[in-house]
Every structure is written in structure tokens, then in C-alpha cells.
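In our numbering, the protein residues as written are 23 to 238. For every residue, glycine included, the Cβ atom is placed at its ideal position computed from N, Cα and C. Shown next, in C-alpha cells, is the structure this report addresses.
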């Protein structure tokens, strides 16, 4: 018999290969203090007992040699539960595996990896927030009813870019500068330029051709 914080703790006066109903008192350095028939004992959590015990739990205890093991949680006053898994854990489903929560589902990890042949995400609302992001792939198609992009700085780089719009409006508050090797503008209808001051400079030739030319 030994003393534990002024209390008498019985090591193990139980018969081998016996199962008992006990109540968890508290946790201590990976062990659990349990009460069996008025006696205070120490027990380990069995490897197959995934639900982590809590104080006040009614548990099933079994003895193996001089060691007590908590095999299962029989009853708990509260509805909270924590699964205690090994360092390397695999959860495998032969065909289908589903995780369902009526309110919320949260995943916490320093690194989260998702690998699949096809991934489908369907949600009424998606909110994403990150410090840095990188997306790479061979091909992507995006179909969105309305897209609003707000940024302090935007850079786009491509070997070839094709844009097609039914209506296109661009507004620049200060400077709008375009640098290109060659540029061609083609309009099937009216081509209009309006400005307070207009400067056109050519190093060699400037050509204006039309059936009628009005100046002034």
C-alpha cells in the first residue's frame, strides 16, 4: 500500500484476468486514478480504448498481471468525447467512408494533405483566408455567375491571352500605360477617342486614310 497526496492508494489486490466496473477519479502522467469498490487504484488506458477517459466516467477495467487497464467507457454524464489515437493512425474504408456532423466539422493540423482522383466541393458559402497561396495544374475551367476581385497589387503573365466580352468597360483613375511590340485595333462599328489633349508621335510615317476626313 502506498500514499498518494495523503490518500492511501492500493496498488493491485485484484485477481488476474478479472473485469471490474470502476469510476475515473483523475488523470496523472498518462495513468488514471480509478475507484473500485471504495479503493483507489491506478490504471492505464488500453490501446484499443480509443475514447479518452474523463473524471467521473464509469469504465470497464481488466487486470493483466500487476497492471490494470481501462477497456471501455461504459457511461458518461456529459456528451463530450475525445478520441485518443496512436502516433501513426490510418482510417481505411473498403468502399465508402463518410463523416457527418449536424452542426460543424473542424480539422486542425500543422499540415493537411488531400489526395484523390476526383474531388467535389459543394457548399452554399465558401470562405478562405491564408497568408500565401500557390495553385498549379495543367488545365482549369472556372464558371462563376459574378466575380469581384479586390486587390492592392495584381500581376498577370501568360504566353498567350485571349479575352472575349459582350460588353467591356475599363476605368483607370491615374495612368494607363500599354507597352507592346505591335498593336492592332479593329472595330466593326464606331471607333471613338475623346480626350482633353491628344498627342500622336511617329518616328517615320503616319497615315490617315478614309473616304472622308474631317479635322477642326
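Query raised in the report: By the 10 Å Cβ neighbour count, where 16 or more other Cβ atoms means buried, how is residue 44 classified, buried or exposed?
Result: By one-based count along the chain shown, residue 44 stands at place 22. Buried is the call here.
**Report entry** Short Cβ contact (8 Å threshold) for residue 93 with residue 83
**Finding:** Here residue 93 is taken as the residue at index 71 of the chain shown, counted from 1. Here residue 83 is taken as the residue at index 61 of the chain shown, counted from 1. Cβ atoms of residue 93 and residue 83: closer than 8 Å.
Query raised in the report: Is residue 55 helix, strand or coil when you go by DSSP?
Result: One-based indexing of the chain shown puts residue 55 at position 33. Looking at residue 55 - three-state DSSP - the assignment turns out to be strand.
**Report entry** residue 110 in three-state terms, based on DSSP
**Finding:** As a first step, residue 110 must be located in the chain shown, where it is residue number 88. Reduced to three states, the DSSP call for residue 110 is coil.
Query raised in the report: Hey, quick one: how far does the beta strand (DSSP E) through residue 50 stretch, first residue to last?
Result: By 1-based counting over the chain shown, the position of residue 50 is 28. Where residue 50 is concerned, the enclosing beta strand (DSSP E) stretches over 41-50.
**Report entry** Candidates 47, 156 and 122: closest to residue 81 by CA position
**Finding:** Within the chain shown, numbered from 1, the residue matching residue 81 stands at position 59. Checking every option, the nearest Cα to that of residue 81 belongs to 47.
Query raised in the report: Where residue 42 and residue 58 are concerned, what is the direct C-alpha to C-alpha distance, given to the nearest angstrom?
Result: Sequence index remark: in the chain shown, residue 42 carries index 20 (1-based). Sequence index remark: in the chain shown, residue 58 carries index 36 (1-based). When rounded, the distance between both Cα atoms is 8 Å.
Query raised in the report: Roughly how many angstroms separate the alpha carbons of residue 184 and residue 160, rounded to a whole number?
Result: Looking up residue 184 in the chain shown gives position 162. Looking up residue 160 in the chain shown gives position 138. Roughly 17 Å between the two C-alpha positions.
Requested in this report: Could you check the C-alpha separation between residue 205 and residue 223 for me, to the nearest Å?
Outcome: Reading the chain shown from its first residue, position 183 is the one you call residue 205. Reading the chain shown from its first residue, position 201 is the one you call residue 223. Their Cα atoms are separated by approximately 15 Å.
Query - Rounded Cβ spacing between residue 90 and residue 64 (contact assumed at less than 8 Å) - result: The residue labelled residue 90 in the question sits at position 68 within the chain shown. The residue labelled residue 64 in the question sits at position 42 within the chain shown. Confirmed, Cβ separation roughly 7 Å.
**Report entry** C-alpha gap between residue 68 and residue 138, whole angstroms
**Finding:** Counted from its first residue, the chain shown places residue 68 at position 46. Counted from its first residue, the chain shown places residue 138 at position 116. Those two C-alpha atoms are separated by around 34 Å.
Query raised in the report: By how many angstroms is the C-alpha of residue 165 removed from the C-alpha of residue 123?
Result: Working through the chain shown from its first residue, we reach residue 123 at position 101. Working through the chain shown from its first residue, we reach residue 165 at position 143. The alpha-carbon atoms of residue 123 and residue 165 are separated by roughly 29 Å.
Query raised in the report: Just the Cα atoms here: how many angstroms apart are residue 172 and residue 100?
Result: Here residue 172 is taken as the residue at index 150 of the chain shown, counted from 1. Here residue 100 is taken as the residue at index 78 of the chain shown, counted from 1. Using only the alpha carbons, I get a separation of about 46 Å.
Query - Proximity below 8 Å, CB of residue 158 to CB of residue 85 - result: Taking the first residue of the chain shown as 1, we reach residue 158 at position 136. Taking the first residue of the chain shown as 1, we reach residue 85 at position 63. Taking 8 Å as the Cβ cut-off, residue 158 and residue 85 do not qualify as a contacting pair.
Report task. Determine the direct distance from the alpha carbon of residue 236 to that of residue 230, and round the result to whole angstroms. Result -> Counting from one through the chain shown, the residue named residue 230 turns up at place 208. Counting from one through the chain shown, the residue named residue 236 turns up at place 214. Roughly 11 Å separates the two Cα atoms.
Query raised in the report: Can you tell which of 209, 193, 108 and 77 has the C-alpha that lies nearest to the C-alpha of residue 96?
Result: Residue numbering aside, residue 96 sits at position 74 when the chain shown is read from its first letter. Per the Cα distances, 77.
Query raised in the report: What residue from 54, 129, 211 and 136 has the CA that sits closest to residue 66's CA?
Result: The count along the chain shown starts at 1 and reaches residue 66 at position 44. Considering only alpha carbons, the answer is 54.
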